[in-house]
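Residue numbers (our numbering), protein chains in the order written: chain A, 5 to 116; chain V, 29 to 142.
Here a beta-carbon is modelled for each residue, glycine too, at the ideal position from N, C-alpha and C.
First comes the structure, then the notes that go with it.
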Amino acid sequence: QQQVKQSPQSLIVQKGGISIINCAYENTAFDYFPWYQQFPGKGPALLIAIRPDVSEKKEGRFTISFNKSAKQFSLHIMDSQPGDSATYFCAASAHNTDKLIFGTGTRLQVFP
Amino acid sequence: DAGVTQSPTHLIKTRGQQVTLRCSPKSGHDTVSWYQQALGQGPQFIFQYYEEEERQRGNFPDRFSGHQFPNYSSELNVNALLLGDSALYLCASSFDPRNTGELFFGEGSRLTVL
Numbered sequence: 005q006q007q008v009k010q011s012p013q014s015l016i017v018q019k020g021g022i023s024i025i026n027c028a029y030e031n032t033a034f035d036y037f038p039w040y041q042q043f044p045g046k047g048p049a050l051l052i053a054i055r056p057d058v059s060e061k062k063e064g065r066f067t068i069s070f071n072k073s074a075k076q077f078s079l080h081i082m083d084s085q086p087g088d089s090a091t092y093f094c095a096a097s098a099h100n101t102d103k104l105i106f107g108t109g110t111r112l113q114v115f116p
Numbered sequence: 029d030a031g032v033t034q035s036p037t038h039l040i041k042t043r044g045q046q047v048t049l050r051c052s053p054k055s056g057h058d059t060v061s062w063y064q065q066a067l068g069q070g071p072q073f074i075f076q077y078y079e080e081e082e083r084q085r086g087n088f089p090d091r092f093s094g095h096q097f098p099n100y101s102s103e104l105n106v107n108a109l110l111l112g113d114s115a116l117y118l119c120a121s122s123f124d125p126r127n128t129g130e131l132f133f134g135e136g137s138r139l140t141v142l
């Protein structure tokens, strides 16, 4: 019940295309859903996050879509760029705690 | 403004040895969490320190212990190292564990156990 399932494991996208990464969870106590970006040799960096009171959040080229009834959320990267090539992790945490449960990661490669 | 800093960046140990990893949180942060990231996996929560006490703990054995100092910096200690302890150990800081706000991660300490 504590798991966050992430797919796909890897993704190859052409420059300018849309990258979509999906996550699903079981624990209904989760109420904070961040996405982290990690480059090789670096720690994860927060990209964008959403709470269940909204169904979508957009920041620049990055959008989170959230479906509370299906217990699923996804990251959309519009106009994907080679500099977006990294590993992306979804995560979730329950209220009153910042203990994050991470997905297994998606390695994104954007080719010019 | 310095972010989260960790030391050492890389280290090699042999089975049965002990290791201490160090973390200085981002300025203004009072909560430190430690995560273990095995190769090709997502980070897994080890434990969290707030007000110099362990507040939460993940599914890790007692060989993993920690400490938080009055200046909010923290140490992670691992005793009786196993080959499976080889991983990137990430420190993350935040302000108040109840805020569920942004976690800032350091670049990690890569531990190799031979």
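Checklist entry - Comparing alpha-carbon positions, which option in V:THR140, V:PHE133, V:LEU139 and V:VAL141 lies nearest SER55 of chain V? => result V:PHE133
Next on the checklist: Distance cutoff 8 Å, beta carbons only. Does PRO12 of chain A sit that close to anything in chain V?
Outcome noted: The beta carbon of PRO12 of chain A does not come within 8 Å of any beta carbon belonging to chain V, so the residue lies off that interface.
Next on the checklist: In the DSSP output, which residue or residues are listed as bridge partners for GLY94 of chain V?
Outcome noted: V:LEU104
Next on the checklist: Between which residues of its own chain and ARG91 of chain V is the CB-CB distance below 7 Å, once the five residues before and five after are set aside?
Outcome noted: Same-chain partners within the cutoff: VAL106, ASN107 and ALA108.
Next on the checklist: Any contact between the stretch 39-46 of chain A and the stretch 76-91 of chain A? By contact I mean 3 or more CB pairs, one from each, below 8 Å.
Outcome noted: yes
Item to check | LYS19 of chain A, buried or exposed, once every other Cβ within 10 Å from all chains shown has been counted against 16 | outcome: Around the C-beta of LYS19 of chain A, fewer than 16 other C-beta atoms lie within 10 Å, and the residue is accordingly described as exposed.
Checklist entry - Between PRO71 of chain V and the rest of its own chain, which residues show a CB-CB distance below 6 Å, the 5 nearest in sequence each way excluded? => result TYR63, GLN65 and LEU118
Item to check | Rounded C-alpha distance that separates GLY31 of chain V from HIS57 of chain V | outcome: 10 Å
Checklist entry - Which partner residues of PHE133 of chain V appear in the DSSP bridge assignment? => result V:ALA120
Item to check | Inter-residue Cα distance where the pair is THR32 of chain A and GLU79 of chain V | outcome: 29 Å
Item to check | Endpoints, the beta strand (DSSP E) within which THR48 of chain V is located | outcome: 47-52
Item to check | Where LYS46 of chain A meets chain V, residues with beta-carbon distance less than 9 Å | outcome: PHE133, GLU135 and GLY136
Checklist entry - Taking only beta-carbon atoms, is THR110 of chain A less than 8 Å away from chain V? => result no
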